[in-house]
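**Student:**
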Amino acid sequence: MEEYKIKDSLPQNEISFLEGPRSRWEDFKFVVKVALEFIRGFRALHFAGPCVTVFGSARFGEDSPYYQLTRKLSAEIARLGYTIMTGGGPGIMEAANRGAREAGGRSVGCNIILPMEQVPNPYLDLWVNIRYFFVRKTLLIKYSYVFVIMPGGFGTLDELFEAMTLIQTGKIKEFPVIIFCKDYHKDLLEHIDRMKERKTISPDDMSLFLVTDSIEEAIEHIRHSIRRFGLKPYKPRPIPWLFEKKSQQNRKSI
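Numbering-wise, the sequence shown is residues 318 to 571 according to the working numbering.
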């Protein structure tokens, strides 16, 4: 595997930001760039929802059973009327977007700009390119009513615990978090049990997520959430002076 230095893999503006205190002017410019990135994401995804976000590794190919499982699961979720949202890249993300497309559902992505590995997959109806991971995570959570965790790496676990922390602390509602593939996540689940035993999380926190290998169980869990929260169809109206068009409105709703 080709070796590379961390600095070689980051945009220059991110390298300078992470080096510590800078001038107030440089920090102000960074804040403006982040704000503009949020606005661009909001404009792109305003008409995308309601969404289910599927998280998972970019490194599983089409021959992986995880890829095929994600594809089937996402097709069933799309048939409920949800838009499938992913990080927009290959692997599990591609499988989720592909399943939605094959089921006649809507498929969107928040693609992170990286020097390697990540390009938008071909099964997206709509995507937005994002430079900053924290902006991307916010967008993936903002528009979603369900979070599905498929096998993945550091990024997937980061997104899992971000969603559960927001639910645990009451920052968002108790929308379903579904962890798929018990065998893959066995050690992680044992560690969560250990946290409960040592009282760094409460026993009630164990109800914040469902662990399953069953597509049918996951779909029923999502249906229960629809009933519990009374989710209804919504169609935000385009605002002409913001250059929004009717074609941007979501095609499917709950």
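C-beta: ideal position from N, C-alpha, C; glycine also. Note that the structure is a prediction, hence the values are computed from the model and not measured.
1) Reducing DSSP to helix, strand and coil, say where Ile-539 ends up.
2) Expressed to the nearest angstrom, what Euclidean distance is found between the alpha-carbon atoms of Ile-509 and Val-369?
3) Threshold first: 3 residues or longer. Then list the beta strand (DSSP E) segments lying entirely within the segment 343-430, N to C.
4) Flag this pair as touching only if the segment 445-452 and the segment 460-471 have three or more C-beta atom pairs under 8 Å; answer yes or no.
5) Taking the alpha-carbon positions, what's the Met-481 to His-502 distance?
6) Give a yes or no on whether the C-beta atoms belonging to Ser-441 and Ser-424 are separated by under 7 Å.
7) Might you give, ordered along the chain, the residues of its own chain that have their beta carbon closer than 6 Å to the beta carbon of Ile-495, omitting 5 neighbours on each side?
8) Please report the Cβ distance between Thr-403 and Met-410, rounded to the nearest whole angstrom; I am assuming they are in contact, meaning their Cβ atoms lie under 8 Å.
9) Where does Phe-478 fall in DSSP's three states?
10) Once you ignore the five residues that flank Asn-414 on each side, which residues in its own chain have a CB closer than 7 Å to its CB?
11) Quick one: grab the DSSP three-state call for Ser-564.
12) Run through the DSSP bridge pairs and tell me what Phe-464 is partnered with.
13) In the DSSP assignment, the beta strand (DSSP E) including Leu-443 goes from what residue to what residue?
**Tutor:** A quick look at the data gives this:
1) In the sequence shown, counting from the first residue as 1, residue 539 sits at position 222. Correct three-state label for Ile-539: helix.
2) Against the sequence shown, residue 509 aligns to sequence position 192. Against the sequence shown, residue 369 aligns to sequence position 52. Rounded to the nearest angstrom, the two C-alpha atoms are 24 Å apart.
3) 368-372, 400-403 and 424-429
4) no
5) One-based indexing of the sequence shown puts residue 481 at position 164. One-based indexing of the sequence shown puts residue 502 at position 185. When only Cα atoms are considered, Met-481 and His-502 end up about 16 Å apart.
6) For this step, residue 441 is matched to residue 124 along the sequence shown. For this step, residue 424 is matched to residue 107 along the sequence shown. The question names Ser, but residue 441 in the sequence shown is Leu. Cβ atoms of Leu-441 and Ser-424: closer than 7 Å.
7) For this step, residue 495 is matched to residue 178 along the sequence shown. Cβ within range, chain order: Val-465, Leu-527 and Ala-535.
8) Counting from 1 along the sequence shown, the entry for residue 403 is found at position 86. Counting from 1 along the sequence shown, the entry for residue 410 is found at position 93. Right, the Cβ-Cβ distance comes to about 4 Å (below 8 Å), so this counts as a contact.
9) The residue you call residue 478 lines up with position 161 of the sequence shown. DSSP places Phe-478 in helix when its eight states are reduced to three.
10) Stepping through the sequence shown from its first residue, residue 414 is reached at position 97. Ile-401, Thr-403, Ser-424, Gly-426, Asn-438, Tyr-440 and Leu-441, listed in sequence order.
11) What you label residue 564 is simply residue 247 of the sequence shown in a count that begins at 1. Reliability fails at Ser-564, whose pLDDT of 49 lies under 50, so the model's placement of it is uncertain and the value that follows must be treated cautiously. Three-state DSSP puts Ser-564 in a helix.
12) Numbered from 1 along the sequence shown, position 147 holds the residue referred to as residue 464. Answer is Thr-370 and Val-494, bridged to Phe-464.
13) In the sequence shown, residue 443 corresponds to position 126, counting from 1. Looking at the DSSP string, the run of the beta strand (DSSP E) that includes Leu-443 is 443-447.
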